Amino acid sequence: MAGLLRSEGRSGAKFAAAISAEFFGVLFFALIGAAASYKNFAIANGLALAVLVYATANVSGGHLNPAVTVAALATGHVSVLRGLSYIAAQIGGAIAASALHLALLPKAAAVGCSGPGGGATLGQAIVWELLLTAVLVTVVYAVAIGDKNFAGPAAIGITLAAAALTALPYTGAALNPARTLGPAIVFGCGAGSVRTTLLYVLAQLLGGLAAGAASWPLYGIGPHFGKWGEELRADAEVAYDEAKQALRGTYARLEDQA
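Here this note's numbering is used: the first residue of the sequence shown is 13, the next is one more, and so on.
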């Protein structure tokens, strides 16, 4: 699946489409996955992720997870502007999904909230989240950069389903900072949720970075590695030129109407 982790263009219609794909991809992933019943949670989330990665891969690269995007940023497979924009869109999509849960579900007071369970301590849950997020992101690298094929999104979905089957009783099986933050922001998720949420997000991001580091010797670095400052300046220049052209166009139209 050649589109996975793809990074094309700095701005314009393609860039806006990519940001929209990440926003709506995470929105529907969280909307479907978090609302699933406990016994169907793993399969619902795995299937939803696989389908949505298929749907977004050729538009945005199909990240749908800040842990994936942070890893891709660190290894140079995505530019800084695109990466930060993706993360903002992903978190926004998760918040929107939780808002829809609040509006559409009865007794939706804790839909999607993550935290330790099954007798696990917070420390144990955090380690599970770190390790399983690392496994998930490693699979993303394997199918996106290594052996690219059409079955890649299915492999990612199966990995999430397997991880959820293991971790759901003990951590809530978030494995995604956006999926952790969305419900916490909308619902609050109970006493101690701020600390739990921050530690979960940190563990998930570290898991993503660990996967990126482990994948480095196998798949190499991306074209953006070490060019962060240069690309940010170029992005700013492109944005400035486009804004200037838009203002000129608006001024010309106003003159024509006068």
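Beta carbons: idealized from backbone N, C-alpha and C, even for Gly.
Please read all numbers here as calculations on a predicted model, not as lab measurements.
Assuming residue i and residue j form a contact by the criterion Cβ under 8 Å, report the distance between their Cβ atoms to the nearest whole angstrom.
| i | j | result |
| --- | --- | --- |
| residue 216 | residue 183 | Wrong, their Cβ atoms sit about 10 Å apart, outside the cutoff. |
Using the C-alpha atoms, what's the distance from residue j back to residue i?
| i | j | result |
| --- | --- | --- |
| residue 35 | residue 84 | 18 Å |
| residue 176 | residue 213 | 17 Å |
| residue 219 | residue 157 | 18 Å |
| residue 58 | residue 81 | 19 Å |
| residue 100 | residue 144 | 23 Å |
| residue 140 | residue 179 | 7 Å |
| residue 91 | residue 189 | 20 Å |
| residue 226 | residue 149 | 10 Å |
| residue 88 | residue 106 | 25 Å |
| residue 93 | residue 256 | 20 Å |
| residue 250 | residue 240 | 15 Å |
| residue 62 | residue 264 | 47 Å |
| residue 125 | residue 267 | 54 Å |
| residue 73 | residue 221 | 18 Å |
| residue 30 | residue 136 | 36 Å |
According to the neighbour-count rule (16 or more other Cβ atoms, all chains shown, within 10 Å of its Cβ), is residue i buried or exposed?
| i | result |
| --- | --- |
| residue 14 | Confidence is the limiting factor: at residue 14 the pLDDT is only 48, short of 50, which leaves the residue's position unreliable and the question unanswerable from this model. |
| residue 117 | exposed |
| residue 49 | exposed |
| residue 223 | buried |
| residue 259 | exposed |
| residue 53 | buried |
### Query
For the segment 196 to 203 against the segment 53 to 67, are there 3 or more C-beta pairs whose distance is under 8 Å?
Not touching, per the Cβ criterion.
### Touch test, the segment 94 to 108 against the segment 24 to 42, Cβ-Cβ under 8 Å, three pairs minimum
Counting C-beta pairs closer than 8 Å gives three or more between the segment 94 to 108 and the segment 24 to 42, which meets the contact rule.
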